[in-house]
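Only one structure is covered here, and it is reproduced in the block below.
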Ligand SMILES: Cc1cc2nc3c(=O)[nH]c(=O)nc-3n(C[C@H](O)[C@H](O)[C@H](O)COP(=O)(O)OP(=O)(O)OC[C@H]3O[C@@H](n4cnc5c(N)ncnc54)[C@H](O)[C@@H]3O)c2cc1C
């Protein structure tokens with residue numbers, strides 16, 4: 001008990017030292033529930049030099065932090081949007097569901113992921129609903145220099161329709177399950193010069209990578225990042 005209290009006091013001190021703040025501008029929950037968009041103002045973040053889709057370490061509860069992907073950033077206004085999968089239960093989901101416009105937003109910092117755009121090449125994006133912000137970030141970095149295709153797992157039919165309306169800049173096929181995505185990947189034409197971006201559930205990422213490798217894609221054309229297990 002004593003130890004816990006001391007640990008919490010130390011964590012509390014650390015949190016005060018490292019915590020930064022922004023504000024919540026707007027929150028949009030998709031119907032039915034399971035996905036939300038959160039607009040943020042981050043006055044302390046310089047977005048000029050972002051070269052890869054960033055991630056922000058958010059304080060979702062006392063001593064609990066989760067990474068989310070700022071997308072659709074506006075360098076001048078220092079605003080961005082988080083796209084959060086809220087189908088499951090967890091501190092991150094509880095936090096995302098609780099936010100309302102005007103809330104103070106606490107975070108530790110922003111960093112880049114390892115994924116980079118290969119300018120001029122065809123980008124193939126494969127992942128699940130937690131990767132939508134990341135794919136949006138890749139698309140923003142690519143601007144109009146790349147041809148984009150791919151597949152994203154979205155369990156709810158209404159969300160699949162909403163994805164197509166909300167992200168016209170992301171021409172990705174939507175599929176209800178990871179199994180359906182992997183089955184499609186087994187069939188689809190691949191090209192050795194294309195860049196494959198695998199993001200989201202770690203099992204999906206590993207399985208998709210295995211298929212690509214078995215079908216002759218080399219490691220330098222596959223950029224993989226597991227977000228959750
Ligand atoms: C670099 C990076 C960027 C990320 N960006 C995003 C993002 O933009 N949007 C986003 O939604 N997530 C993103 N994530 C994942 C996010 O950080 C959390 O892992 C996720 O939201 C789960 O946190 P939680 O506290 O709600 O659940 P946890 O307490 O961590 O997990 C609770 C349970 O839910 C399961 N679970 C976790 N995530 C999902 C999911 N998406 N679908 C179904 N079950 C799940 C877990 O397996 C576990 O059983 C990112 C992760 C990383 C590493």
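Numbering (UniProt numbering), first residue to last: 1 to 229.
Positions of the beta carbon are idealized from the N, C-alpha and C atoms, including for glycine.
For clarity, every value in this text was computed on a predicted model and none was experimentally measured.
Assignment of residue 116 by DSSP, reduced to helix, strand and coil, places it in the coil class.
Fewer than three Cβ pairs drawn from the region 169 to 177 and the region 185 to 196 lie within less than 8 Å of each other, which leaves the two stretches out of contact. Annotation: the region 30 to 110 contains the following complete segments of the alpha helix (DSSP H) (minimum length 4 residues), in chain order: 91 to 98. Around residue 104, the same chain offers 21 and 23 as residues with beta carbons nearer than 7 Å, after the five sequence neighbours per side are excluded. Going by beta carbons, residue 141 and residue 117 fall inside the 8 Å limit. One thing to note: residue 153 has its Cβ within 8 Å of the Cβ of residue 129. Per the coordinates, the alpha-carbon of residue 44 lies some 14 Å from the alpha-carbon of residue 70.
Rounded to whole angstroms, residue 145 and residue 72 show a C-alpha spacing of 17 Å. Bridge pairing for residue 190: absent [DSSP].
Residue 186 and residue 192 have their alpha carbons spaced roughly 15 Å apart.
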